[in-house]
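*Asks:* Mind having a look at this structure? Questions to follow.
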Amino acid sequence: MFLELDGHGPHYAQLTRAMKAAILDGRMVAGSRLPPTRVLAHELELSRTTVLAAYEQLRAEGFIDARVGSGSYVATLQPGAALQPPTKVISAPSLYAARARQVQDRKIATQHRGLRYHMQYGEPTINPMLNSAWSRELARAAAYTPASGAGSQGLPALRQQVCDYLARRRGVQALPENVLIVSGTQQAFSLAARVLLNEGDSVVLEEPHYFGAYQALIAHGAHVCGVRTDADGLVCSELPVTAPSLICVTPSHQFPTGAVLSLPRRLELLRYADAQRCWILEDDYDGEFRYDAHPLAALRSLDQADRVIYVGTFSKVLFGTLRLAYMVLPVALRDDFIIAKYLNDFSCPGFEQAALAHYMGDGGFERHLRVVRRELRARHEELIRGLREHAGERVEIVDSPAGMHVVVWFRDYDEAQANALLELASSRGLGMYAMAPHYLNPPARQGLLLGYCGLSTGELRDAMKLFGACMDEIDARMLSGRALSAGARA
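Residue numbers (the UniProt record's numbering): 1 to 490.
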């Protein structure tokens, strides 16, 4: 029996989906006998337990019938009626859906799969000790956490730990009643759009910017205005005369350029928000990771008018699959955000919140950060060394001593040559990402956003050697093309 598993989730679930699809499209006809579980397990190289679990799920859903002493058979679902294939494309059912389709069509980059060297940005660094520690915390939480739910605002214990941590590490003084636990930074942007924006309201994004913020805001009907950034962060003198409803910034480590918003500009931005009565969303996505000094104080720590919504995340410092983040809310907005969170998904998972609260209170979280910070510093230094050795003067490195990625700009490549390099590198097993999708308007030059969290120092060394070799090949093509052109003119 030919059944193709999709590779997503447990094997029994993959097998269940594959068999459902075969039954619904007629490849397994009603009344036909299914192979014995041992036989199918052998054919698919799965355990018999996996096949048994899939058969039981199919029986429970009515897709197959079990006959004692005879085996399992495909059930008759709709006698005499052919199953019609579902409609695959319809017009957008709402304005939100239409806008969401539009931003989804604007692809951020090729999604590299199965490559040896994948320089994905924003992925957390693997700390082998974290896995065992987190398993213990989850087991403890499962034993001691009440089953009644965590509440829309989040567990009080976790909100208190967030306040203690922010006071120590980010200079933010917050009360637990003003903290909201959310399902990642992306939900924070979505809630901010729901609470603060009406159709057509203006929002300022840094240029360049975090693509996920752009997607969430556009889908909610915002009018997005890009404001230029430079080596000192957002150029506040270029903020619009007509006040926007919201300003989204990454002041501690501008994404993606790595610039730090200078103190004069921080104060200027806060004065602007106070005078114009608009809100600031401070995305502190990787403020824990600085390698040259202690973490910078957050913009929120300077906010005297209570105009800053501070967002931090645990996903980038622990596990990508741990969809937990937090917001420190202005008092005037607190209840509106809690209601919006309740209407969105009631609350974040309670066991994970309880496990994280204990992990932070026990000191494990900051021990983990110290380990990861040392490892990231070593990887950052190796990436910079490799770029200088193998790319040399052909690129300009924006070396920010923080975060989890580095930006490089090509000195001589145009868009076609940069795209050719990306394609060549991908064909050789090296996945990289272009800077251009992070701009509302195309940048004047071509660049790359290189994440280094997912590769060891040895892998980064080999990746940069491969990067240099790919550049050599593209350069050779360029020279050959110029020679042919010169010959044709002669």
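Note that beta-carbon positions come from the ideal geometry of N, C-alpha and C, so glycine has one too.
Check for me: the alpha helix (DSSP H) holding G226 runs from which residue to which?
*Replies:* No alpha helix (DSSP H) holds G226; the beta strand (DSSP E) holding it covers H223 to D230.
*Asks:* Just reading off the alpha helix (DSSP H) that C163 is part of, what are its end residues?
*Replies:* Unbroken alpha helix (DSSP H) run through C163: P156 to R169.
*Asks:* Please tell me whether, using a cut-off of 6 Å, the distance from the CB of L261 to the nearest non-hydrogen atom of the ligand ATP is below it.
*Replies:* Ligands in the displayed structure: none, and consequently the ligand ATP is not present.
*Asks:* Relative to the alpha-carbon of T76, which residue among S70, G62, G69 and V68 has its alpha-carbon at the smallest distance?
*Replies:* G62
*Asks:* Name the DSSP beta bridge partners of M327, please?
*Replies:* L180 and V311
*Asks:* What would DSSP say about D306, mapped onto helix, strand or coil?
*Replies:* Note: D306 maps to coil in three-state DSSP.
*Asks:* Enumerate, from N- to C-terminal direction, the unbroken beta strand (DSSP E) stretches of 3 or more residues contained entirely within the UniProt domain "HTH gntR-type" (9 to 77).
*Replies:* As far as the UniProt domain "HTH gntR-type" (9 to 77) is concerned, its whole beta strand (DSSP E) runs of at least 3 residues are 64 to 67 and 71 to 74.
*Asks:* Check this for me: beta carbons of H368 and N127, under 7 Å apart or not?
*Replies:* yes
*Asks:* On the premise that R300 lies in contact with V172, defined as a C-beta separation below 8 Å, what is that separation, rounded to the nearest angstrom?
*Replies:* 5 Å
*Asks:* Tell me whether G458 is buried or exposed, calling it buried when 16 or more other Cβ atoms sit within 10 Å of its Cβ.
*Replies:* exposed
*Asks:* Along the chain, where does the beta strand (DSSP E) that runs through E206 open and close?
*Replies:* S202 to E207
*Asks:* Using three-state DSSP, classify R374 as helix, strand or coil.
*Replies:* helix
*Asks:* With three or more C-beta pairs closer than 8 Å as the rule, is the stretch 234 to 252 touching the stretch 277 to 296?
*Replies:* yes
*Asks:* How is the beta strand (DSSP E) around V398 delimited, first residue to last?
*Replies:* Bounds of the beta strand (DSSP E) holding V398 are V395 to V398.
*Asks:* Skipping 5 residues on each side, what residues in its chain have a beta carbon closer than 6 Å to that of residue 491?
*Replies:* A question about residue 491 goes unanswered here, because the residues of the chain that appear run from 1 up to 490.
*Asks:* Should A174 and L166 be called a contact, given that it needs their Cβ atoms to be closer than 7 Å?
*Replies:* yes
*Asks:* Could you pull out every residue in the same chain whose Cβ sits closer than 6 Å to the Cβ of D414, ignoring the five residues on either side in sequence?
*Replies:* none
*Asks:* Answer yes if the stretch 226 to 242 comes into contact with the stretch 258 to 265, meaning at least three C-beta pairs across the two stretches below 8 Å, and no otherwise.
*Replies:* yes
*Asks:* Does DSSP put F467 in a helix, in a strand, or in coil?
*Replies:* The answer is helix: DSSP assigns F467 an H, G or I state.
*Asks:* From I397 to N419, what distance separates their C-alpha atoms?
*Replies:* 19 Å
*Asks:* Does G258 come out as helix, strand or coil in the three-state DSSP assignment?
*Replies:* coil
*Asks:* Quick check on this structure: which residue in G350, R307, G312 and D345 has the alpha carbon closest to the alpha carbon of R334?
*Replies:* R307
*Asks:* Given a cut-off of 7 Å on the beta-carbon distance, is the pair L246 and V203 in contact?
*Replies:* yes
*Asks:* Answer yes or no: do L191 and A340 have a C-beta to C-beta separation smaller than 7 Å?
*Replies:* Against a cut-off of 7 Å, the Cβ pair of A340 and L191 comes out as a contact.
*Asks:* Report the three-state DSSP secondary structure of G149 (helix, strand or coil).
*Replies:* It is coil, neither helix nor strand.
*Asks:* Going by beta carbon distance, what residues of the same chain come within less than 8 Å of T229, once the five residues before and after it are set aside?
*Replies:* E206, E207, P208, V235, Q254, T257 and A259
*Asks:* Tell me the DSSP bridge mates of E423?
*Replies:* DSSP lists no partner for E423.
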